[in-house]
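A short worksheet on the structure shown next.
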Amino acid sequence: MSQTPEHEREEESFSLQHAAEHERPKKQQSVLVYLVILFAAAFLLMALSYLMQRRSSDATIEDLRESVTAMQSVGDIQTQNETLRQQVADLEAQLEEAQRELDGMRDTLNTMTVREERLTQAMDLFWQIDEAYVRGRWTLCRELIGRMEDVSAGSALKEYLPRESTTDNDRFSPTDRYQEIYDDVM
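Numbering-wise, the working numbering comes out as the position in the sequence shown, counting from 1, plus 1092.
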């Protein structure tokens, strides 16, 4: 049985085809494994990218929340600052009013001090006039009345004499007694 070269060729072709068919599944299988690995790597890369993006988004959101909190704090501080400015303005107005009242009280105190000094001088002079009158020393009495009537200090001391009696003995007030002595001596 000799085989012809054609037959050998057919057999060879058949054996090559057979070998090629048996080798194909191995190539298909390795391509399939390669594709699965590529898809798995792509999936892992996508998952890793998602996680990194998520982490970045969370950090950005946290930064935004801190910024909002800081802005609210700034707003609160500005509100407090405005409130404090208003309180300072109110206190300054109160201080100015208190200063005006204090100045008025000082003026009143000065006036009262001057009036008290003049009253003391007038009463001292009045008692000297009364004593000189009672003792009959008319010249001294006139001299003292001249000092009582002197207006060089702005007003006569007789203006400072009390007009009411400070005792309950129905006697003259210092003003009335002075006028009685004045009318008698002058």
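For every residue, glycine included, the Cβ atom is placed at its ideal position computed from N, Cα and C.
Asked, Found
"Which whole-angstrom value is the C-beta distance of MET1215 and PRO1266, which I expect to be below 8 Å?", "7 Å"
"Report yes if the CB atom of LEU1249 is closer than 8 Å to the CB atom of ARG1207, and no otherwise.", "no"
"Once DSSP output is grouped into helix, strand and coil, what is the label at PRO1266?", "helix"
"Can you tell me where the alpha helix (DSSP H) with GLY1238 in it begins and where it stops?", "1230-1241"
"What is the rounded straight-line gap between the Cα of ALA1181 and the Cα of THR1175?", "10 Å"
"DSSP three-state label for MET1144, please.", "helix"
"Report the option in GLU1256, ILE1237, SER1247, ARG1147 whose CA atom is closest to the CA atom of ASP1275.", "ILE1237"
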